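Let me begin by presenting the structure, written as structure tokens, before commenting on it.
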Amino acid sequence: GRRRQPTWPMMASLVAFVVLLVVTSNLLGGDGEQAVIGSRRARATSERRCKDEEIITAARMAGVKFPKLEVRREGGVRGMYATKKIDRGEVIVSVPPSLLFSYETAGGALKDVWKRTKDMQELDRLTLLLLYFSSKVRSRWDFFLCGIPGMNELGPAVLWSPKKLNETCEREEYSSLCSFVENRRSMYKRLWRTEVAPLPRKFPHIFSQQDTGYSNYLWAIAAVLSRMWLMRRFEEPEFYPNGTWIGPAKWVMAPVAELLNHKPRAGHIRWGSQRRPHLEVVSDVSYRPGEQVFVSYGNKCNLELLLEYGFEIPGSPTKCADE
């Protein structure tokens, strides 16, 4: 066949560089309110996708540190893999507080909404913020939020088809799953009708009916519940056994850290020092180059894992309360 002209690699590199500049400028384009001004995307919120390499490159340029990790897909599953030897106790991801998606960092964009919804809980507000920023052409969070899997890929059981849900509920150990999912769906539908569906009428300059449709809302709340870290101290801290609550942010989504898959006792998250309050992921095991690197999502039984993330761990020693 015909050989490509020698200038093609240079042109491809130039195009890739321009794309990278656009992605990065979205990330660094000012504060949460100013950076999102612009026209809406033509596609639904839950359909937006970015390539893994774009997310990783933009995160590095923004200041997220993960020098020994790379993103890779094996068997269709995205995960983070070691590029160098990782020692037990080593910090493997460090995220500056300004890059965390939380009510503290992003909430100002919807301050007019909060004035009329003063009783709305923090997680519900974060779900609205996710819907809002994910629908924009330009956003400081775009490189991160557009990497969240779409409706057909995101795992939580509330998004499952009736066939998949019924087949899973037929298994004895998951006989209660259907009732849990039905209760959650009913609660989410009620919240959507009372809190979310009226928003385009109340704030037509902020929300559209497409942005706040029920399917998009269900996707957003599933994304929040499956990707949020609870960053505060409890008597039996679940998410960060060696961490401390330094800043006011309680629920956060963290670029790159959320790409780590779950394995019990594999690692934990924490705030850094008072002087450097980054979110840090600490490995609790050692890894050789090429091995997949994990973090613990908490001491969860398989029923909880299916509800919140959509997967189970065969032979998991963690028992549910009703088992």
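Numbering (mature numbering (1 follows the signal peptide of the UniProt record, and there is no 0)) for the sequence shown: -29 to -1, 1 to 294. Even for Gly, the Cβ is constructed at its ideal location relative to N, Cα and C. Since we're looking at a predicted model, the values are computed, not measured.
Closest Cα partner of residue 189 within the set 175, 64, 168: The count along the sequence shown starts at 1 and reaches residue 189 at position 218. Among 175, 64, 168, the Cα nearest to that of residue 189 is on 168.
Separation of residue 285 from residue 179, as counted between CA atoms: Position 208 of the sequence shown, counting from 1, holds the residue named residue 179. Position 314 of the sequence shown, counting from 1, holds the residue named residue 285. Between residue 179 and residue 285, the C-alpha separation is close to 43 angstroms.
At least 3 beta-carbon pairs within less than 8 angstroms: the stretch 253 to 262 vs the stretch 48 to 66: yes
Residue 276 versus residue 283: straight-line alpha-carbon distance, rounded: Along the sequence shown, one-based indexing puts residue 276 at 305. Along the sequence shown, one-based indexing puts residue 283 at 312. About 6 angstroms.
Pairwise C-alpha distance: residue 151 and residue 157: Taking the first residue of the sequence shown as 1, we reach residue 157 at position 186. Taking the first residue of the sequence shown as 1, we reach residue 151 at position 180. Spanning the two alpha carbons is a distance of roughly 10 angstroms.
Residue 193: first and last residue of the uninterrupted alpha helix (DSSP H) it sits in: Translated into the one-based positions of the sequence shown, residue 193 becomes position 222. Taken as a continuous stretch (DSSP letters only), the alpha helix (DSSP H) holding residue 193 covers 185 to 198.
Buried or exposed by the 16-neighbour rule on C-beta atoms within 10 Å, applied to residue 274: Locating residue 274 in the sequence shown gives position 303, where the first residue counts as 1. Buried.
Opening and closing residue of the beta strand (DSSP E) in which residue 264 lies: On the sequence shown, residue 264 is found 293 positions in, with the first residue counted as 1. Note, residue 264: beta strand (DSSP E), 263 to 266.
The stretch 69 to 82 in contact with the stretch 99 to 106 per 3-pair CB rule at 8 angstroms: yes
Counterpart residues of residue 45 in DSSP-defined beta bridges: Position 74 of the sequence shown, counted from the start, is the residue given in the question as residue 45. For residue 45, which the question treats as bridged, DSSP gives the partners 48.
Opening and closing residue of the beta strand (DSSP E) in which residue 57 lies: Within the sequence shown, residue 57 is the residue found at index 86, counting from 1. Run containing residue 57: none; DSSP gives neither H nor E here.
Residue 249 burial status per 10 Å Cβ neighbour count (16 or more: buried): On the sequence shown, residue 249 is found 278 positions in, with the first residue counted as 1. Buried is the call here.
Other residues of its chain near residue 279: CB distance less than 7 angstroms, five sequence neighbours each side excluded: Position 308 of the sequence shown, counting from 1, holds the residue named residue 279. Within the same chain, residue 279 has close Cβ partners 127, 196, 197.
DSSP beta-bridge partners of residue 222: Counting from one through the sequence shown, the residue named residue 222 turns up at place 251. Answer is 201.
Closer than 6 angstroms: residue 63 CB and nearest the ligand ADP heavy atom: No copy of the ligand ADP occurs in the structure displayed, which carries no ligand at all.
DSSP state of residue 87 mapped onto helix, strand, coil: For this step, residue 87 is matched to residue 116 along the sequence shown. It is coil, neither helix nor strand.
CA nearest to the CA of residue 86, picked from 113, 174, 59: Numbered from its first residue, the sequence shown carries residue 86 at position 115. Taking only the C-alpha atoms, the option nearest residue 86 is 174.
Under 7 angstroms between C-beta atoms of residue 223 and residue 71: What you label residue 223 is simply residue 252 of the sequence shown in a count that begins at 1. What you label residue 71 is simply residue 100 of the sequence shown in a count that begins at 1. Cβ distance < 7 angstroms, so residue 223 and residue 71 count as in contact.
Within 7 angstroms, strictly: CB atoms of residue 42 and residue 51: The count along the sequence shown starts at 1 and reaches residue 42 at position 71. The count along the sequence shown starts at 1 and reaches residue 51 at position 80. Yes; because the gap between Cβ atoms is below 7 angstroms, this pair is in contact.
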